[in-house]
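Asker:
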Amino acid sequence: MPIDRETFTATDHIVLAVRDIEEGISNWRDRLGMPLSHRADLDDAGVRQAFFSLQDGTFIELIAPMSDSSPLADLLARRGEGIHVLALRVDDLDSTVARLQDEGVRLSGVGTPQVFVHPSESNGVLVQLWPEDRPHRWRDEPEPDDAGHRG
1 MPIDRETFTA TDHIVLAVRD IEEGISNWRD RLGMPLSHRA DLDDAGVRQA
51 FFSLQDGTFI ELIAPMSDSS PLADLLARRG EGIHVLALRV DDLDSTVARL
101 QDEGVRLSGV GTPQVFVHPS ESNGVLVQLW PEDRPHRWRD EPEPDDAGHR
151 G
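By the count of our numbering, the sequence shown reaches residue 151 at its end, each step adding exactly one.
#1: Using only the alpha-carbon positions, how far apart do histidine 118 and arginine 19 sit?
#2: Below 8 Å on the Cβ atoms is my guess for alanine 64 versus arginine 48; work out the distance and round it to an integer in Å.
#3: For aspartate 30, which of helix, strand or coil comes out of DSSP?
#4: When the distance is taken between beta carbons, is tryptophan 130 closer than 8 Å to arginine 89?
#5: Which residue or residues does DSSP assign as beta-bridge partners of tryptophan 152?
#6: Can you look up glycine 154 in the DSSP assignment and give me helix, strand or coil?
#7: Using a 10 Å radius around the Cβ and a threshold of 16 neighbouring Cβ atoms, would you call glutamate 132 buried or exposed?
#8: Which of the three DSSP states is assigned to leucine 107 in this structure?
#9: Quick check: the Cα distance between aspartate 146 and serine 67, rounded to an integer number of angstroms?
#10: Thinking C-alpha only, which one of His13, Gly24, Thr7, Ala10 is nearest glycine 81?
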């Protein structure tokens, strides 16, 4: 069954890989004038993040490796800085995955909430399928309290 135009409803966010998070923030906030919305460190993934919200509800996310041993550092050494992920909103993750699989599209993460179209299928760009109703931890969920529980 071919994909219909309503399967992909909008761009959700774009993730840019950068070597240095402070330099990336300086470029996007200070030079380009975009407001910094949030920062986070994901120790388990070995990355630092910075988020820049746009008026239409989309955002740009910068990610930088926390150390030279981070898998992201390897990616940056091979490919350089630039677009790492294009996250597209989908109306229904399961039906979108089924339709793409029927078309023979190579996917990763099937069966998990993190499903991606392999870059070989999308002109070198890693495409994430983002369900319209999925929240963003940094923006849509309450901050954890001192005990680490989310409100």
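Beta carbons are placed, not taken as given, at the ideal position from N, Cα and C, and that holds for glycine.
Answerer: Let's see:
#1: For the purposes of this step, residue 118 is taken as residue 118 along the sequence shown, with counting starting at 1. For the purposes of this step, residue 19 is taken as residue 19 along the sequence shown, with counting starting at 1. Here the alpha carbon of histidine 118 sits roughly 23 Å from the alpha carbon of arginine 19.
#2: The count along the sequence shown starts at 1 and reaches residue 64 at position 64. The count along the sequence shown starts at 1 and reaches residue 48 at position 48. For a cut-off of 8 Å, the C-beta gap from alanine 64 to arginine 48 is around 5 Å, short enough to register as a contact.
#3: By 1-based counting over the sequence shown, the position of residue 30 is 30. Three-state result, aspartate 30: helix.
#4: Sequence index remark: in the sequence shown, residue 89 carries index 89 (1-based). Sequence index remark: in the sequence shown, residue 130 carries index 130 (1-based). It is a contact, given that the beta carbons lie within the stated cut-off.
#5: Since the first and last residues shown for the chain are 1 and 151, residue 152 lies out of range.
#6: This structure leaves residue 154 out entirely; the chain is present only between 1 and 151.
#7: Indexing the sequence shown from 1 puts residue 132 at position 132. So glutamate 132 ends up on the exposed side.
#8: As a working note, residue 107 is residue 107 in the sequence shown. For leucine 107, the secondary structure class from DSSP, reduced to helix, strand or coil, is strand.
#9: The residue you call residue 146 lines up with position 146 of the sequence shown. The residue you call residue 67 lines up with position 67 of the sequence shown. Residue placement at aspartate 146 is poorly supported in this model, since its pLDDT is 49, which falls under 50; the coordinates are not used for a value here.
#10: Start at 1 with the first residue of the sequence shown, and residue 81 comes out as number 81. Reading the sequence as shown, one finds glutamate at residue 81 and not glycine. Closest in C-alpha terms to glutamate 81, from the list His13, Gly24, Thr7, Ala10, comes Gly24.
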